[in-house]
Amino acid sequence: MARNKEKLASIDAQLRLLVPGKVSEDDKLVEYDALLLDRFLHILEDLHGDDIKQTYEGGNHDPKKLEDLGNILTNLDPGDSIVVAKSFSHMLNMANLAEEVQIANRKRIKLKKGDFADENSATTESDIEETLKRLVTQMGKSPKEVFDALKNQTVDLVFTAHPTQSVRKSLLQKHGRIRDCLAQLYAKDITPDDKQELDEALQREIQEAFRTDEIRRTPPTPQDVMRAGMSTSVRQSGRVDKRSVPYNAPLIKFSSWMGGDRDGNPMVTPEVTRDVCLLAKMMASNLYYSQIEDLMFELSMWRYSNELCVRADELHRSSKKDSKHYIEFLKRVPPSEPDRVILSDVRDKLYQTRERSRHLLSNEISEVPEEATYTNLKQFLVPPELSIADGSLLDFLRQVSTFGLSLVRLDVRQESDRHTDVMDAITNHLGIGSYRECGKRLLFGPDLPKTEEIADVLDTFHSAFNNIASDSFGAYIISMVTPPSDVLANPLRVVPLFEKLADLEAAPAAMARLFSVEWYVNRIEGKQEVMIGYSDSGKDAGRFSSAWQLYKAQEDLVKVAKQFAVKLTMFHGRGGTVGRGGGPTHLAILSQPPDTIHGSLRVTHLCFRTLQRYTAATLEHGMHPPVSPKPEWRALMDEMAIISTEKYRSIVFQEPRFVEYFRLATPELEFGRMNIWSRPSKRKPSGGIESLRAIPWIFACTQTRFHLPKDITNLHMLQEMYNQWPFFRVTIDLVEMVFSKGDPGIAALYDKLLVSEDLWSFGQQLRADYEETKSYLLKIAGLRDLLEGNPYLKQRLRLRHSYITALNVCQAYTLKWIRDPNNYHVTLRPHLSREITESSKPAAELVKLNPTSEYAPGLEDTLILTMKGIAVGMQNTG
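Numbering (full-length UniProt numbering), first residue to last: 1 to 878.
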């Protein structure tokens with residue numbers, strides 16, 4: 001024990017030398033972070049006898065210090081290695097929770113003071129109250145104008161099918177309780193008794209979180225992903241200018257790709273799509289059922305409108321229901337209480353809807369006939385609408401109008417070539433040649449010869465038509481769209497997806513050809529969605545070029561839509577990371593081209609904290625559009641995009657050493673062990689970088705805190721663009737934020753430990769380009785140091801720095817041992833050694849959680865914990 005304490009004390013000493021600068025103690029964030037860390041260290045010492053402490057004192061990035069830290073880590077036994085990785089990962093989660101409480105606290109103080117003109121609120125993450133105030137007081141809009149615009153706008157938030165959330169659901173729930181305890185501890189007028197109780201609860205929740213296994217031991221199925229997504233659904237209602245927003249105003253809608261996104265994912269079968277539809281309907285029915293019970297208690301009045309009373313009387317006289325399954329109101333509701341009569345019928349149908357869905361989900365024959373259930377939203381809404389909708393009932397109607405019968409509308413995504421294969425099989429079967437040469441729509445029978453892929457596409461259509469109500473179906477998204485026939489061949493509400501650079505460039509012409517087909521424009525009733533993808537465009541051409549091409553494509557698509565009198569809704573395939581279109585929500589929307597939102601926005605969505613942010617930003621963009629770029633700015637952006645794309649592709653796709661370097665210098669090959677997604681990391685198992693999905697591509701680069709350089713020219717005009725053009729400022733600020741998280745010293749350590757010596761010069765050149773780009777970014781923004789203009793974010797990143805550094809060093813050495821087991825200090829064994837298995841030391845118990853690992857004891861879990869911890873530490877996007 002003493003020997004291990006000495007080692008951990010040495011780790012602490014090395015970490016003190018790795019923290020750049022000193023954090024001001026007058027910020028509440030430091031206080032929150034210090035409190036959580038103090039409580040955690042007490043728990044760590046109780047559980048493992050290891051007093052790991054962190055301080056925040058100056059130092060540098062001397063590579064020798066990183067190696068010293070690595071040497072200490074190599075001498076820890078397997079159990080202690082897991083404890084160290086787990087501890088720093090846990091500290092980063094605590095740092096994020098402290099930050100969330102601090103952000104909420106700052107917002108409350110600002111709202112109380114009425115400080116809506118604060119620059120940060122206007123340019124980063126404004127909520128709806130701030131935006132409404134700013135539109136009226138600063139931009140000259142009348143309250144009625146703002147109210148009318150708000151109630152007529154729609155924001156559709158889409159749950160993605162491939163979450164990058166690396167934290168388990170059980171831990172997320174515990175983290176929520178820790179956050180609540182911390183917030184209440186710092187509430188005003190808290191009593192000493194309450195403070196003690198909350199402090200004890202905080203200690204208990206932190207201990208439970210730390211003692212929970214962070215690692216998913218099996219990969220999630222698409223159904224698991226869907227359940228996790230549904231469990232985070234929230235209810236959102238509000239009032240504006242003392243007038244209630246109509247309950248059936250669109251405002252916020254929710255959709256999902258979970259169980260519907262089959263692009264390159266063989267696990268999403270027609271059966272999976274059927275299951276998630278039934279599961280969603282069952283969960284929604286159960287949720288509404290419990291709320292109806294509460295409403296029946298509340299609504300006991302007897303004097304109502306004639307229409308309500310007549311309907312209640314009809315239901316009462318025809319009612320012959322078995323009520324044994326109800327908790328309350330076991331007998332028939334008296335006819336003198338019409339609200340309760342109406343709601344009891346709603347309750348019956350919800351019960352039947354839930355039970356039928358449950359039976360079908362279990363592949364049972366249901367005795368509940370479909371006509372006894374709700375099959376569309378109108379059936380559900382009409383009965384409660386007869387009542388005087390106010391208070392709880394009005395909130396309930398708003399919830400039902402927002403979430404529908406399935407909580408979310410299900411999107412289905414498929415790659416265009418799969419549809420071409422189906423149509424080709426049909427035309428060839430009918431003896432009329434290739435589909436590509438035939439424009440007529442045709443029918444086919446059950447005798448159509450089908451490959452496995454063709455059967456999957458056709459069964460998906462069958463599943464969609466038979467299991468998804470029309471008002472619960474979102475869109476059929478077709479990726480890799482090229483000719484208009486990719487859309488015309490599909491009878492559903494089709495959303496073409498344009499991602500790669502060439503596809504984005506061709507998108508306006510493709511949509512113009514599509515809109516020139518008169519019967520198609522009539523079928524869509526003058527409304528069309530187009531999805532633009534950030535992930536693959538960024539991987540295809542680099543962040544800078546893709547951002548500019550996405551901007552131009554939106555401008556041109558809007559022009560095409562106006563030409564054909566079509567209302568266009570842009571669907572943004574954004575993710576959490578900058579490389580996938582992430583960043584501050586409010587800024588990202590306000591930097592979109594003018595006329596591209598107009599009160600209608602659809603976006604893939606990761607975090608419910610952004611509900612109000614999307615609503616506020618969509619409103620502000622529509623009522624106060626951003627400036628359009630000057631012609632000379634456009635010319636420079638075009639020139640820079642060409643140079644940037646050429647530079648990026650020369651490294652990623654044309655440099656023969658890159659693939660080998662990338663796979664050696666990052667944990668890309670080891671990511672599958674994290675079990676955080678339900679799909680393969682590659683579209684084609686044998687493919688190279690081009691087939692690698694965007695998430696593991698960005699994840700791998702982020703883990704080593706290294707990012708590819710970018711070429712930038714013409715400083716004077718760029719400074720003008722930065723100061724006057726929101727799109728360009730957002731782009732540069734996000735790149736600056738990414739660079740602030742980078743650390744060439746860490747990247748160099750990975751190179752030294754993991755990369756063959758003949759590739760070292762390649763890594764050195766990339767780091768030199770990186771430093772040159774960083775210097776130019778600072779000149780554009782007029783800064784001397786990264787994040788000098790955003791001290792609050794800089795402080796937040798500093799608080800995490802030492803934890804991430806420790807995990808980086810631990811990860812690099814663990815990867816070295818995994819890839820070169822002959823240099824590992826523990827003798828390689830096929831299973832756990834008797835010494836570790838029989839040990840009563842608490843740390844040894846952690847090794848037993850993964851007894852079948854193909855690696856030496858403790859290595860696999862240590863690696864996974866470092867990957868999860870670094871992901872948590874790097875997830876902030878400003």
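In this text, a Cβ means the ideal position worked out from N, Cα and C, and glycines have one as well. Note that this is a predicted model, so its numbers are computed, not measured.
Within a 10 Å sphere around the beta-carbon of residue 546 sit 16 or more other beta-carbons, which makes this residue buried. Contact annotation: residue 85 and residue 807 have beta-carbon atoms nearer than 8 Å. Boundaries of the alpha helix (DSSP H) around residue 538: 535 to 541. A direct Cα-Cα distance of roughly 29 Å separates residue 399 from residue 141. Judged by DSSP in its simplified three-state form, residue 497 adopts strand. Per DSSP, the beta-bridge partners of residue 529 are 569.
Counting along the chain, the unbroken alpha helix (DSSP H) around residue 719 starts and ends at 715 to 724.
Nearest Cα to residue 410 within the set 280, 734, 793: 280.
Contact check for residue 182 and residue 101: beta-carbon distance about 5 Å, within the 8 Å limit, so the pair qualifies.
By the CB criterion at 8 Å, residue 799 and residue 29 fall inside the cutoff. The distance from the Cβ of residue 730 to that of residue 588 is about 7 Å, consistent with a contact at the 8 Å cut-off. For residue 875, the secondary structure class from DSSP, reduced to helix, strand or coil, is coil. For residue 474, the enclosing beta strand (DSSP E) covers residues 473 to 479. Taking a C-beta distance under 8 Å as the contact criterion, residue 405 and residue 472 qualify as a contact pair. With a threshold of 16 other beta carbon atoms within 10 Å, residue 565 falls short and is exposed. Counting along the chain, residue 758 sits inside no beta strand (DSSP E), nor does DSSP assign it H or E at all. Contact check for residue 586 against residue 617 passes: the beta carbons are separated by less than 8 Å.
Within the DSSP bridge table, the entry for residue 251 names 154 as partners. Under the DSSP assignment, residue 415 falls in the beta strand (DSSP E) whose first and last residues are 409 to 415. According to DSSP, residue pairing for residue 30 in a beta bridge does not occur. Checking the DSSP bridge columns, you'll see residue 602 partnered with 156, 571. Per DSSP, reduced to three states, the secondary structure at residue 339 is helical. In this structure, the beta-carbon distance from residue 135 to residue 598 does not fall below 8 Å. Linking residue 654 to residue 510 through their CA atoms gives a straight-line distance of about 29 Å. DSSP places residue 743 in the coil class of the three-state scheme, outside both helix and strand. Taking the Cβ atoms as the reference, residue 627 lies roughly 19 Å from residue 570, outside the contact range of under 8 Å.
Restricted to the region 615 to 661, not a single beta strand (DSSP E) segment is unbroken, complete and at least 3 residues in length. Membership of residue 274 in the alpha helix (DSSP H) is indicated by the continuous run 270 to 298. About 4 Å separates the beta carbon of residue 357 from that of residue 282, a gap short enough to meet the 8 Å contact definition. The three-state reading of DSSP puts residue 820 in coil, since its state is none of H, G, I, E or B. Under the DSSP assignment, residue 134 falls in the alpha helix (DSSP H) whose first and last residues are 128 to 137. Judged by DSSP secondary structure, residue 195 falls within the alpha helix (DSSP H) whose first and last residues are 192 to 210. Between residue 83 and residue 846, the gap from beta carbon to beta carbon is short of 8 Å. By the neighbour-count criterion, in which a residue is buried when 16 or more other Cβ atoms sit within 10 angstroms of its Cβ, residue 415 is buried. Nearest neighbour of residue 277 by Cα position, chosen from 191, 500, 463, 179, turns out to be 463. In the displayed model, residue 256 falls within a strand according to three-state DSSP.
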